[in-house]
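Have a look at the structure below, then the notes.
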Amino acid sequence: MQLARKLAAKLVTGLVMIWVVATATFFLVLEMPGNPALAQEAADMQHGMSPAQAASATAVMFGFVPKQPLPDQYRHYLWQLLHFNLGVSIAEEGVPVSHIVASAAPWTVILASFGIIFSFLIGVTLGILTAIRRTTRLADGLTLLGAFINGVPVFVIAIMLVFVFATILAIFPQGGTVSVLETPGWNAGYLGSLVVHAVLPVACYTLAGLGAWQLTSKSSVITVLGDDFILAAELRGLRPLTLARYVARNAMLPLFTILAISFGLMFSGAVFIEEVFNYPGLGELLIASITTKDFPVLDGAFLLIIVAVILANILADLAYPLIDPRIRRS
Amino acid sequence: MTTSSLALPPDQLHQAMQRSRQRSTRRWQLFVSTPGRIAASAIIVIFTLMAIAGPYLYPKNLPIDTSNIYAGPSLAHPLGTDFEGTDVLALLVTGSRYVLLAAAVAAVITLGVGTVAGLAGGYYPRLAGSAIMRVADFVIAIPGLPVLIVLLTLWQFGSPLAMGFVMGIFGWGGIARAVRAQTLSLRERGFVEAARGLGLPGRRVIVTELLPNLAPYIGMNLMLAMPAFIYTEVGLFFLGVVPYTTSNWGVMLNDAVFQAGALTSTRALSYLLSPLICILLITISLVTLANAVDEFFNPRLRRAARVPAAAPERPGSGSLLSRPRRRTR
Amino acid sequence: MNIRRLRVITLPLAAATAVTVVAACSSSPSSGGSYSNVTFTTISPNTVITPGAPMNPFNATSNVFPSFDSMTLAWNAGNSADPNQELPGLAQSWSLSANGRSLTVHLQPGAKWSNGKPVTATDVVDSTAMWFAEGLASGYNLGGVKADNSTTVTFTQAPGAFDNLFETVLGEGSGSSTSTNDWIVPSFEYGKLLPANVWSTIAASLGTGSGKTAAVTALTNLGKKIAAYAPKTDISAGPFYIKRLNNSQALLVKNPDFYAASKVHVGNVIMEHDSTNQQIAGLLESSTLDTSPFVAMSSSVNAQIVAAGNKKITWPALVASAIAFDENVAPYNNVLVRQALAYVLNRTAIQHVGEPVVGTPSKTTIGAVSAALPDYLTPAQESALNPYSPNTAKATSLLESAGLTLKSGQWYLANGQPWTITLPVAQGFSDWQDASSVIKSELDSFGIPTTITAGPQWPQYQLNLFAGQYPVAWWLIALGPGANPTFSRIYGAYDGYVGVGSSLTRYATGNAAAKNFFNTPNTVTVPGVGTVNPGSLTAKLAELQLGTAAGLAEQKQIASELVKTINYEVPVVQLWDYVSLAYINGKRFTDFPTSTTLLGQNPGVWMAEGYLAAK
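Protein chains in written order, with the working numbering: chain H, 1 to 330; chain W, 331 to 659; chain Z, 660 to 1274.
Here it is, written out as structure tokens:
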């Protein structure tokens, strides 16, 4: 019962936040100079059309640019949003925004899910290893490695991976999601191609997150190792395995919250990776629609990002008491 | 959780705190004794000096030499030259100010706003707390990088202050939450309860009791926030979405990769590596120092580092990483 | 336009196509109807491919591929002198009436859509109605169209107007153009979108009557409806049709119903979606691409691509970069000052840094690309031009005679103010950005302190320029093909001239009807030419009948006067001419075209002409 009330409260605040952020981005995005038709007109002129030709060639696109006063546009936007209608793209002349966003989002989900899971698993394993062996040279080396990986900007990792594995060795494709030659479906060729295309971006995602996980989990484990109850358990002569379970359980708790939040942030977290790997997810869509000034698409993409973050926060808050009994008490 | 300090009269309590500060001085000596940390401090000092004094060492307009483009390292040009024959070392030194100043401004704003909001939210959990935390949640929910890019098309960030300001404004949510959690936990500790029990006004308790205890935590976060902001701004220049007139490290990386093709030919390698190595040095130094600070106030961690908070744009992390670990009490 | 991180460089397009003579396209060098299933891979010079978005050429999405599945009547050959030079598309042949006002087009016999239905005159007529709805045709001064029989149509020019029908109707852009174009679409699929009264609406929209506004609105709404229409499958009259799209690639397969299917020896085409230059370089180095679209590369990347086994092909592009002046602002109203600046700027050094691979320093300031000069001038006239070789002494004496003074390394204007220059660079134009620092360095050391500012993105940059905010600015000039568009970049709308013939009007800076920022004098006196009115000369170029030898000769005469005028008056300092650059990878395919006319087209045109065979 209490849980239900808490959930309801969270959902209400969540909705309010979505409204606030959606409103803020709506006006922010509209403030951007120019519009898709103007951008296209300029591009047409650069392509050698005369000003008159360019103006007439973009007449139709201008038709898609809303002309009502701003408050009306905003009211219309909210009204449509209530009906789960994100409007239509301007640069793509009438294609529903929901369609464009929905065709980009899955690629980001693939990239981010695997990236987060792998970096979590590998990073935490290394972190625990470093923590247990913290007085050895191995741990020093691992810590330095973690700090180093954590110190390389993600776009640099991406470019290096492309350079080595796609350009020089040519064992992985440089970009894209799947070979168009494969028939879509549950067949080996298609799935294999999906995997081959995802290897480098996922590896990049993994490497980029690895250091942070390693260092955080190491620190978490060390803190727990120094706790009184572990000392007590050691003094009581508990078997190392039991001890390890105690340690793991207590050290992992804070990490799960961060994991949940990471999933929430996944939609906005891959801009650099998607740009470098030419992976047509939400990050690339964002950059492309900023370039073309396609504000309905931008609004839609922002909305998805915000909803994901807020949902992940709510889930993390709700799940935390379930996995950490101490919270329930307080 | 001891409540014995409640029994201490105020002057004895004061003495106890004095002793604690003396202990800190000894720890400081311990800290300085590690060679890695000395090196890290030295690197930070050097880069700070570079950012402050560097631009004065060179003429306002760096000379160009169109007959000596993408030259390799030589005596005249220790790090080679760029696309117009300008000395890369000179670019590196003069470009450091923008990068470091913007990151510093962003970090200070993040820490300032985040600390104030977190302290207020934690100390007055009922009144200000929930309102402030809603705002913090709002800031966290905003997709930082994309919004930054949109803002960049709106305003022109010729000035590092503007760039730093915008990065800071979107960066404080995580710190606010973290500081609030720390405050909530400190609030229940003996010495704070004692101070409150003595009837000291809230503002005084916050400034004299809470803030000193949070200082190392905040300082550590400052050091960890800097690299994150350096990535973000350098990344924006690297992506080529920011207009610029003067060179800085991000512009250099962009030029090296997209113009010089430094990844596919060794011709401009020193041009590519120079800013990259600077960024790495700064990052690793700051992380090392942050570890030191943490260890120094948190004896449990001796001989081991504690490093959270990574770049907001890093997958698997986000500014939320700087949420405090739950400590068992 | 070397847009740094941005997209594949699509600037040249109309411009990047071939110059000089239209090398007669030799017919298919190989014969036989068989083709291999080897896949040809190239890049679609558009934005991201969106599965599920319309496969409709009138939509601005990138799910259409010119010359592969989307066809026009003809492809512009990109001839610098004669914009009416065309390569055949769905039209097999055409003829212009004696007065140049109507054009009769004969469709390819046997042209069929990919479902086997024939391409008919009705398709062309309905498509023309859609051009009007899309706003294309009115820009071309097209008046109307009628079907003569099932395979012949006649286009007529709008009353009063005179434009080059060939260029406008047959293939406004070249085969490599990506912008919305005069596509031919099937009536059986799109015809239902047209209301019965569409032609009367079009007539009303072209007229001056009371119903004009309502008719234009109706057409715009119809245009939106057409643009958003999404056929279930791709219906192509080209050599290929789309079989499948994903977010990063499109698969096109051979259309057996294509009119020249027997000449096409390629079974599948993969279009990689648009990416950054860095990615295209990588795809070339790993031999993934069989050919690349035009890409601006730095010299080191270029060397690497060539080392990886790609063949680099260059030919002159019909566009150049220049520094333009607003002659409303002192001291730029003084011809001596402009000439002096032409002597100060070292074009070779500027091009070397700004556009090292896809640029070549301009011979001198002429308003046209150097490669087009033989179209306009005799060799003797050409050698009489002032070459403006870098010469600071000459510049100094010119400035002094213009009343400027040099004191301790700084030039002062006649009014005693120190002379400084602010040069804005449109965002994303990295070649301009790089070149600007050389310009700054040259001007600084000459005594004119120069500031480079980060300008806004191109649309806003232009608006600021048109509002008179930039006394000195970067500008693209010499945009061909054809003499009129070329010189219009200086003495056209950007100098306030709008209209043709007797309707030619000149507007001042700030008037919305024109985009005047040059503000040149109405008439100028040029040594060796006399007094000329460059604006009316340029407008006159639009009225020539380029289909005739007399028209071409007159064009040459007018253009030669304009070249001499520009060379003397220096309304711009021309810095570099662009070079079109493509790479060919011979690993999988052989028999690439050799004429630059064809190389300037999309590969679909090559294949339709019988080129390309798997090794």
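Yeah, the Cβ is synthetic: ideal placement off N, Cα and C, and Gly gets one too.
Assigned secondary structure, residue i (DSSP; H/G/I helix, E/B strand, else coil)
{"i": "residue 1119 of chain Z", "result": "helix"}
{"i": "residue 1199 of chain Z", "result": "helix"}
{"i": "residue 1033 of chain Z", "result": "helix"}
{"i": "residue 254 of chain H", "result": "helix"}
{"i": "residue 590 of chain W", "result": "coil"}
{"i": "residue 924 of chain Z", "result": "coil"}
{"i": "residue 1291 of chain Z", "result": "Given that chain Z is displayed from residue 660 to residue 1274, the structure contains no residue 1291 of chain Z and the question cannot be resolved."}
{"i": "residue 1237 of chain Z", "result": "strand"}
{"i": "residue 990 of chain Z", "result": "coil"}
{"i": "residue 10 of chain H", "result": "helix"}
{"i": "residue 74 of chain H", "result": "helix"}
{"i": "residue 67 of chain H", "result": "coil"}
{"i": "residue 981 of chain Z", "result": "strand"}
{"i": "residue 916 of chain Z", "result": "coil"}
Closer than 8 Å to chain W by CB, residue i
{"i": "residue 932 of chain Z", "result": "no"}
{"i": "residue 26 of chain H", "result": "no"}
{"i": "residue 153 of chain H", "result": "yes"}
{"i": "residue 681 of chain Z", "result": "With a pLDDT of only 32 at residue 681 of chain Z, under the threshold of 50, the placement of this residue in the model should not be trusted; the figure read from the coordinates follows. So no, residue 681 of chain Z is outside the interface."}
{"i": "residue 936 of chain Z", "result": "yes"}
Below-8 Å beta-carbon distance, residue i vs any chain Z residue
{"i": "residue 598 of chain W", "result": "yes"}
{"i": "residue 622 of chain W", "result": "no"}
{"i": "residue 331 of chain H", "result": "Outside the displayed span of chain H (1 to 330) sits residue 331 of chain H, for which this structure offers no information."}
{"i": "residue 176 of chain H", "result": "yes"}
{"i": "residue 504 of chain W", "result": "no"}
{"i": "residue 186 of chain H", "result": "no"}
{"i": "residue 38 of chain H", "result": "yes"}
{"i": "residue 266 of chain H", "result": "no"}
Proximity test, Cβ basis, 8 Å: residue i and chain H
{"i": "residue 1247 of chain Z", "result": "no"}
{"i": "residue 325 of chain W", "result": "It is not possible to answer for residue 325 of chain W, since the shown part of chain W is limited to 331 through 659."}
{"i": "residue 472 of chain W", "result": "yes"}
{"i": "residue 376 of chain W", "result": "no"}
{"i": "residue 660 of chain W", "result": "Past the boundaries of the shown model lies residue 660 of chain W; chain W is included only from 331 to 659, so the question cannot be answered."}
{"i": "residue 817 of chain Z", "result": "no"}
heavy atom of the ligand MN below 7 Å from residue i C-beta
{"i": "residue 184 of chain H", "result": "As for the ligand MN, it is missing from this structure, which has no ligand bound."}
Under 7 Å by beta carbon: chain A residues contacting residue i
{"i": "residue 942 of chain Z", "result": "This model lacks chain A altogether; the protein chains it does include are H, W and Z."}
Task: Secondary structure, alpha helix (DSSP H): runs of 4+ residues fully inside the region 176 to 238 of chain H - done: The region 176 to 238 of chain H contains, as complete alpha helix (DSSP H) runs of 4+ residues, the segments 188 to 225 and 228 to 235 (chain order).
Open item on the list: If the cut-off is 8 Å on Cβ atoms, which residues from the region 386 to 414 of chain W count as contacting chain Z, listed in chain order?
Closed with: Within the region 386 to 414 of chain W, the residues whose Cβ lies closer than 8 Å to some Cβ of chain Z are 391, 393, 394, 396, 399, 400, 413 and 414, listed in chain order.
Task: Near-chain H residues of the region 561 to 575 of chain W - C-beta to any C-beta below 8 Å - done: Listed by position, the residues of the region 561 to 575 of chain W near chain H (Cβ gap below 8 Å) are 561, 564, 565, 568, 569 and 571.
Open item on the list: To be precise: take each residue of the region 63 to 84 of chain H, compare its Cβ to all Cβ atoms of chain Z, and keep it if any distance is under 9 Å. Which residues remain?
Closed with: Correct list: 63 and 64.
- [ ] Closer than 7 Å, Cβ to Cβ, to anything on chain Z: give me those residues from the region 435 to 455 of chain W, in chain order.
- [x] Residues passing the 7 Å Cβ filter: none.
TODO: Report yes or no: do the region 229 to 240 of chain H and the region 148 to 160 of chain H share at least 3 C-beta pairs separated by less than 8 Å?
DONE: Counting C-beta pairs closer than 8 Å gives fewer than three between the region 229 to 240 of chain H and the region 148 to 160 of chain H, which falls short of the contact rule.
TODO: Tell me the start and end of each unbroken alpha helix (DSSP H) in the region 389 to 461 of chain W that is at least 4 residues and wholly inside, in chain order.
DONE: For the region 389 to 461 of chain W, whole alpha helix (DSSP H) runs of length 4 or above, ordered along the chain, are 418 to 453.
- [ ] Report the residues of the region 998 to 1020 of chain Z with a CB closer than 7 Å to any CB of chain W, ordered along the chain.
- [x] Result list: 1008, 1011 and 1012.
Task: Three-pair Cβ contact test at 8 Å for the region 599 to 610 of chain W versus the region 403 to 420 of chain W - done: Note that the region 599 to 610 of chain W touches the region 403 to 420 of chain W; at least 3 beta-carbon pairs, one per stretch, sit closer than 8 Å.
- [ ] Within the region 482 to 509 of chain W, note down every full alpha helix (DSSP H) run reaching 4 residues or more, in order along the chain.
- [x] As far as the region 482 to 509 of chain W is concerned, its whole alpha helix (DSSP H) runs of at least 4 residues are 490 to 499.
Open item on the list: Does the region 1190 to 1202 of chain Z come into contact with the region 1013 to 1020 of chain Z, if we say contact requires no fewer than three beta-carbon pairs (one atom in each stretch) closer than 8 Å?
Closed with: Cβ pair count under 8 Å is below three, so no.
Task: Cβ contact check for the region 245 to 257 of chain H and the region 163 to 172 of chain H: 3 or more pairs under 8 Å - done: No, because fewer than three Cβ pairs between the region 245 to 257 of chain H and the region 163 to 172 of chain H fall closer than 8 Å, the two stretches do not touch.
Open item on the list: Using a Cβ-Cβ cutoff of 8 Å, what residues of the region 288 to 320 of chain H are near chain W? List them in chain order.
Closed with: Within the region 288 to 320 of chain H, the qualifying residues are 290, 298, 301, 302, 305, 306, 309, 310 and 313.
Open item on the list: Under 8 Å, CB to CB, which of the residues in the region 95 to 121 of chain H have a partner in chain Z?
Closed with: Here the close residues are 95, 99, 100, 103, 104 and 107.
- [ ] Count the C-beta pairs between the region 1080 to 1097 of chain Z and the region 1036 to 1052 of chain Z that are closer than 8 Å, then say yes if the count reaches three, no if not.
- [x] The answer is no - the region 1036 to 1052 of chain Z does not touch the region 1080 to 1097 of chain Z, with fewer than three Cβ pairs under 8 Å.
Open item on the list: Can you confirm whether the region 242 to 251 of chain H touches the region 62 to 72 of chain H when touching is taken to mean that 3 or more C-beta pairs between the two stretches lie within less than 8 Å?
Closed with: No: fewer than three Cβ pairs fall under 8 Å.
- [ ] Counting only runs of 3+ residues fully inside the region 729 to 792 of chain Z, write out the beta strand (DSSP E) ranges in chain order.
- [x] The region 729 to 792 of chain Z contains these whole beta strand (DSSP E) runs: 733 to 735, 745 to 747, 750 to 755 and 761 to 766.
Open item on the list: For the region 423 to 432 of chain W against the region 477 to 492 of chain W, do three or more pairs of beta-carbon atoms, one drawn from each stretch, fall closer than 8 Å, so that the two count as touching?
Closed with: Verdict: yes, contact present.
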